[in-house]
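Numbering (the working numbering), first residue to last: 15 to 317.
For glycine and all other residues, C-beta sits at the position ideal for the given N, C-alpha and C.
All figures in this text were calculated on a predicted structure; none of them were measured in a lab.
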């Protein structure tokens, strides 16, 4: 089998896997669709199994495709390490795959990344959004190089190296009018509101659920949104309350469009960089890690 495999087949396989579409993978790789189809077919012939099920719209990996996924990522990673190792003493170049929480990345990461891009123009940073559990899984599957996540429960990550970079706190926020009612009535002022968040996969929501107390809180409805902006809009309207990082709502708090609900409590958290212990970070990964860690995010995030 090995004598029939080519590195470009794995790159194409990963593109199709991530895009869930032959046409989108072709556009991403700069190929015509027939080239992608041919390379997938040749890879399937090499491994002796079908790797994708063709659907009316797009494709889905078969069980064999899902098994091949981890090996394909490792193959591409080894190729990148070889290329970077041979050029170790020249100008840094390569690709770093970073996964962050949308709420953190959208609020505070751009300045650090912009200065990194200026300093290292030949290092490409591919950024994806994901919850804490998704990021840890992606690291273990070698689909990413670094994660930037809240360190809630990090004592249980025995296979991970966690490097704190920014202190923050989770706070309850509401519209100014609802916050006044909460200050007067406690949880009773939130009884007719909904708990707004990213859903059960998000650690912020899990922490919020653990703090809910009293009949009024238990009777609250739940609402799940895909972005922090949507959560803030729902809260500003008075329709709901949310338990979110202070860093993600600092501008709204300063402008007075949202208010903190101190009577409901808060929780200190630490955002940090995380990578697999058993995996020695490549040079571009180490450069990005050191750059983010040295950017003084704490000065931005803590009043």
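Proximity of residue 24 and residue 56 at Cβ, strictly below 8 Å: As a position in the chain shown, residue 24 is number 10, starting the count at 1. As a position in the chain shown, residue 56 is number 42, starting the count at 1. The answer is no: Cβ separation not under 8 Å.
Backbone secondary structure at residue 217 - three-state DSSP: Within the chain shown, residue 217 is the residue found at index 203, counting from 1. Residue 217: helix per DSSP, three-state reduction.
Of the listed residues 199, 159, 273, nearest to residue 297 (C-alpha basis): The sequence position of residue 297 within the chain shown is 283, counting from 1. Nearest C-alpha to residue 297: 159.
Option nearest residue 301 by Cα separation, candidates 127, 198, 192, 33: Reading the chain shown from its first residue, position 287 is the one you call residue 301. Of the listed residues, the one whose Cα sits closest to residue 301 is 127.
Residue 30: first and last residue of the uninterrupted alpha helix (DSSP H) it sits in: As a first step, residue 30 must be located in the chain shown, where it is residue number 16. The continuous alpha helix (DSSP H) containing residue 30 extends over residues 21-33.
Environment of residue 186 [buried if 16+ CB atoms lie within 10 Å]: Position 172 of the chain shown holds residue 186. Buried, since its Cβ has 16 or more Cβ neighbours within 10 Å.
Within 8 Å, strictly: CB atoms of residue 254 and residue 210: The sequence position of residue 254 within the chain shown is 240, counting from 1. The sequence position of residue 210 within the chain shown is 196, counting from 1. Closer than 8 Å, so yes.
Spatially closest choice to residue 112 from 156, 93, 77, by CA coordinates: Looking up residue 112 in the chain shown gives position 98. Minimum Cα distance to residue 112 is reached at 156.
Three-way DSSP call (helix, strand, coil) for residue 301 in this model: The residue labelled residue 301 in the question sits at position 287 within the chain shown. Of the three classes helix, strand and coil, the one that applies to residue 301 here is helix, per DSSP.
Sequence-distant residues of the same chain with beta carbon closer than 7 Å to residue 191, five excluded per side: Translated into the one-based positions of the chain shown, residue 191 becomes position 177. So the qualifying residues of the chain are 252.
Coarse secondary structure for residue 277, derived from DSSP in three states: Locating residue 277 in the chain shown gives position 263, counting from the first residue. DSSP, read as helix, strand or coil, puts residue 277 in helix.
Where the alpha helix (DSSP H) containing residue 250 begins and where it ends: What you label residue 250 is simply residue 236 of the chain shown in a count that begins at 1. Looking at the DSSP string, the run of the alpha helix (DSSP H) that includes residue 250 is 242-250.
Contacting residues, own chain, Cβ-Cβ under 7 Å from residue 263 (five flanking each side not counted): Here residue 263 is taken as the residue at index 249 of the chain shown, counted from 1. These residues qualify, in order along the chain: 187, 246, 272.
Three-state secondary structure (DSSP) of residue 143: Walking along the chain shown from the start, residue 143 turns up at place 129. The answer is strand: DSSP assigns residue 143 an E or B state.
Limits of the unbroken beta strand (DSSP E) element including residue 236: The residue labelled residue 236 in the question sits at position 222 within the chain shown. Run containing residue 236: 235-238, per the beta strand (DSSP E) assignment.
Same chain, Cβ closer than 8 Å to residue 94, neighbours up to 5 away in sequence not counted: Here the question's residue 94 lines up with position 80 in the chain shown. For residue 94, where only same-chain residues beyond five positions count, the Cβ hits under 8 Å are 108, 109, 296.
Neighbour-count burial assignment, residue 146, 16 or more Cβ in a 10 Å radius: Taking the first residue of the chain shown as 1, we reach residue 146 at position 132. Flag for residue 146 reads buried.
Inter-residue spacing [alpha-carbon to alpha-carbon] between residue 86 and residue 162: Reading the chain shown from its first residue, position 72 is the one you call residue 86. Reading the chain shown from its first residue, position 148 is the one you call residue 162. Straight-line Cα distance between these residues: approximately 24 Å.
Residue 132, buried or exposed, once every other Cβ within 10 Å from all chains shown has been counted against 16: Walking along the chain shown from the start, residue 132 turns up at place 118. Per the 10 Å Cβ criterion, exposed.
Proximity test, Cβ basis, 8 Å: residue 41 and chain B: No chain B is part of this structure, which consists of one protein chain only.
Contact belief for residue 30 with residue 50 at Cβ below 8 Å, rounded distance in angstroms: If you number the chain shown from 1, residue 30 lands on position 16. If you number the chain shown from 1, residue 50 lands on position 36. So it is a contact: roughly 7 Å between Cβ atoms.
Residue 289 classed as buried or exposed, judged by whether at least 16 other C-beta atoms fall within 10 angstroms: On the chain shown, position 275 is the one that residue 289 refers to. Flag for residue 289 reads buried.
Close beta carbons around residue 176, own chain, < 8 Å, minus the five adjacent residues each side: As a position in the chain shown, residue 176 is number 162, starting the count at 1. If we look at residue 176 and ignore the five residues flanking it on each side, its Cβ neighbours are 165, 168, 286, 287, 288.
Secondary structure of residue 180, DSSP reduced to three states: The count along the chain shown starts at 1 and reaches residue 180 at position 166. Strand, per DSSP.
Paired residues, beta bridge with residue 163 - DSSP: Position 149 of the chain shown holds residue 163. The partner list for residue 163 (beta bridge, DSSP) reads 286.
C-alpha gap between residue 153 and residue 225, whole angstroms: Indexing the chain shown from 1 puts residue 153 at position 139. Indexing the chain shown from 1 puts residue 225 at position 211. Whole-angstrom Cα-Cα distance: 30 Å.
Residue range of the unbroken beta strand (DSSP E) whose run includes residue 210: Stepping through the chain shown from its first residue, residue 210 is reached at position 196. Looking at the DSSP string, the run of the beta strand (DSSP E) that includes residue 210 is 208-211.
Closer than 7 Å: residue 95 CB and nearest the ligand GDP heavy atom: Ligands displayed in this structure: none; no statement on the ligand GDP is therefore possible.
Residue range of the unbroken beta strand (DSSP E) whose run includes residue 67: One-based indexing of the chain shown puts residue 67 at position 53. That run of the beta strand (DSSP E) goes 66-68.
Where residue 46 falls: helix, strand or coil (DSSP): Translated into the one-based positions of the chain shown, residue 46 becomes position 32. Residue 46: coil per DSSP, three-state reduction.
DSSP state of residue 255 mapped onto helix, strand, coil: Residue numbering aside, residue 255 sits at position 241 when the chain shown is read from its first letter. Strand.
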